[in-house]
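K.L.:
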Amino acid sequence: MPLPFIILASQSPRRKQLLEWAEVPFEIVVRHSNEDFPEDLPIEQVPIFIARNKAIAVKDYCIENDIPIQPVLAADTIVVLDNKVIGKPKDREDAIAILTALSGKKHQVITGVSILSENDDIAFADITDVYFHPITQEQIEFYVDNYKPYDKAGAYAIQEWIGVVGIKSVNGDFYNVMGLPVSRVVQELEKL
Numbered sequence: 667m668p669l670p671f672i673i674l675a676s677q678s679p680r681r682k683q684l685l686e687w688a689e690v691p692f693e694i695v696v697r698h699s700n701e702d703f704p705e706d707l708p709i710e711q712v713p714i715f716i717a718r719n720k721a722i723a724v725k726d727y728c729i730e731n732d733i734p735i736q737p738v739l740a741a742d743t744i745v746v747l748d749n750k751v752i753g754k755p756k757d758r759e760d761a762i763a764i765l766t767a768l769s770g771k772k773h774q775v776i777t778g779v780s781i782l783s784e785n786d787d788i789a790f791a792d793i794t795d796v797y798f799h800p801i802t803q804e805q806i807e808f809y810v811d812n813y814k815p816y817d818k819a820g821a822y823a824i825q826e827w828i829g830v831v832g833i834k835s836v837n838g839d840f841y842n843v844m845g846l847p848v849s850r851v852v853q854e855l856e857k858l
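To get my numbering, take the position in the sequence shown, counting from 1, and add 666.
1) Compare the C-alpha of ASN700 against each of GLY832, THR766, PRO713, SER849 and name the closest.
2) Taking all protein chains shown into account, decide if SER835 is buried (16 or more other Cβ within 10 angstroms of its Cβ) or exposed.
3) Going by DSSP, what residue range makes up the alpha helix (DSSP H) through GLY829?
4) If I measure Cβ to Cβ from ILE833 and keep anything under 8 Å in the same chain, skipping five residues before and after, which residues do I get?
5) Pick helix, strand or coil for THR802, following the three-state DSSP scheme.
6) Apart from the five residues just before and just after TYR822, which ones in its own chain have a Cβ nearer than 6 Å to its Cβ?
7) Per the DSSP calculation, GLY778 is bridged to which residue(s)?
8) Suppose you measure from the CA of ILE752 to the CA of GLU689; what does that come to, to the nearest Å?
9) Who are the near neighbours of ALA791 in its chain, counting only those whose CB is closer than 8 Å to its CB and skipping five residues on each side?
10) Would you kindly work out how many angstroms separate the C-alpha atoms of ASP684 and ALA675, rounded to a whole number?
11) Quick check: THR644 and ASP839, are their CB atoms within less than 8 Å of each other?
Below is the structure:
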């Protein structure tokens, strides 16, 4: 079944790759949006809120510039450890501290998705539990120094070295941890 042509409101190479694998036709349009969120927002709503703001910014840009309205897909991924949102690391020391905190523990990866079209406003979050083996300080420093995960929530990418050697198990959608629950996205796009 052919899927609708969409606009991907993301520069993430991982989201781009996942949509290509799923054979979703798309073009990338990115506009700046505010990633702040209300402090009292339930954690599972945070990435939906941010994703929706990204989608709105792109949809508004398309309207203002007479670009034909296509469904706009935006996503945001957060890592949650002990009910606290862990964002992208600020620097090397922060990345090491984050991975040290994740070592030997379970955390959640939550990706919020927003799909806006002329007539639809679809929003959902997908949650995946990720369990790390205990990781040595030497392994953590090796990963941070060689892979520089400064643009990644939780300071890691599951498809990189740290995921291959450090992750004990994953309960939920693996691709959600990469940044997009692509099978759920395809299901929602099929409904459009």
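Positions of the beta carbon are idealized from the N, C-alpha and C atoms, including for glycine.
This one's a predicted model, so the numbers in the text were calculated from it and none came from an experiment.
P.N.:
The short version:
1) Numbered from 1 along the sequence shown, position 34 holds the residue referred to as residue 700. Answer by Cα proximity: PRO713.
2) Along the sequence shown, one-based indexing puts residue 835 at 169. Its Cβ having fewer than 16 others within 10 Å, SER835 is exposed.
3) Here residue 829 is taken as the residue at index 163 of the sequence shown, counted from 1. From DSSP, the alpha helix (DSSP H) with GLY829 extends over 827 to 832.
4) The count along the sequence shown starts at 1 and reaches residue 833 at position 167. Within the same chain, ILE833 has close Cβ partners VAL796, TYR797, PHE798, HIS799, ILE824.
5) What you label residue 802 is simply residue 136 of the sequence shown in a count that begins at 1. In this structure, THR802 counts as coil in the three-state DSSP scheme.
6) What you label residue 822 is simply residue 156 of the sequence shown in a count that begins at 1. These residues qualify, in order along the chain: PRO815, ILE828.
7) Residue mapping note: residue 778 aligns to position 112 of the sequence shown, counting from 1. According to DSSP, GLY778 bridges with ASP742, ALA791.
8) Here residue 752 refers to the residue found at position 86 of the sequence shown. Here residue 689 refers to the residue found at position 23 of the sequence shown. Straight across, the Cα-Cα distance linking ILE752 with GLU689 is about 31 Å.
9) Here residue 791 corresponds to residue number 125 of the sequence shown, with the count starting at 1. GLU710, GLN711, PRO713, ILE714, ILE776, THR777, GLY778, VAL779, listed in sequence order.
10) Taking the first residue of the sequence shown as position 1, residue 684 is located at position 18. Taking the first residue of the sequence shown as position 1, residue 675 is located at position 9. This sequence places Leu at residue 684; Asp is not what is there. When rounded, the distance between both Cα atoms is 14 Å.
11) Absent from the model: residue 644. The displayed extent of the chain is 667 to 858, so no value can be given.
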